Amino acid sequence: MSVAIYGIKNCSTMKKAFDWLDANDIDYVFHDYKKEGAGQAALQRWCAAAGWEKVLNRAGMTFRKLPDEAKADLDEAKAIALMLEKPSMIKRPVLETEATIELGFKPERYAAIFGK
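And the structure:
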């Protein structure tokens, strides 16, 4: 199974996800979207699978520091543009396999995805 995990290396939630994957001998490719960006196609894929409202991390400081005009009248296109400009606004981690896209980290969800 091809597995990619997207996020920011120093995020505590990412570290939990890495630890779980490593402990369960799951091979994965890590994509640091703070350094490499996320890409339009990936963001559109994630938004189609989970909804842009879940992909956009409104709880983070990057989003909260935006001017009110940038946060007003959000829709998918505007949210994707914001996430392309500031990848820190993307929920993390994003786990992508051939069969699923999972946002955030919950050990029980990972266990279900990988049959562990």
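Take the position in the sequence shown, starting the count at 1, then add 630; the result is the number in our numbering.
C-beta atoms are modelled at their ideal positions from N, C-alpha and C, and glycine is treated no differently.
Keep in mind that this is a model prediction, so the values were computed, not measured.
From this set, ALA680, ASP655 and GLY667, which residue's C-alpha is nearest ALA711's C-alpha?
GLY667
What are the complete beta strand (DSSP E) segments, minimum 3 residues, inside the region 666 to 735?
As far as the region 666 to 735 is concerned, its whole beta strand (DSSP E) runs of at least 3 residues are 724 to 727 and 731 to 733.
Which of the three DSSP states, helix, strand or coil, is assigned to TYR636?
strand
Please report how far the alpha carbon of PRO737 lies from the alpha carbon of GLN674, in whole angstroms.
Rounded to whole angstroms, PRO737 to GLN674 spans 26 Å at the Cα level.
Rounded to whole angstroms, what is the Cα-Cα separation between ILE720 and GLU706?
13 Å
Boundaries (first-last residue) of the alpha helix (DSSP H) holding ASP652:
642 to 653
Contact between the region 689 to 696 and the region 633 to 646 (3+ Cβ pairs under 8 Å)
no
Assigned exposure category for ARG722 - 16 Cβ within 10 Å defines buried
buried
Residue environment, ALA709, which counts as buried when at least 16 other CB atoms sit within 10 Å:
Under this definition ALA709 is a buried residue.
Could you spell out where the alpha helix (DSSP H) holding TYR658 opens and where it closes?
That residue, TYR658, is in no alpha helix (DSSP H); it is neither H nor E in DSSP.
Through-space distance from GLY745 to VAL685, alpha-carbon basis:
For VAL685 and GLY745, the distance between alpha carbons rounds to 25 Å.
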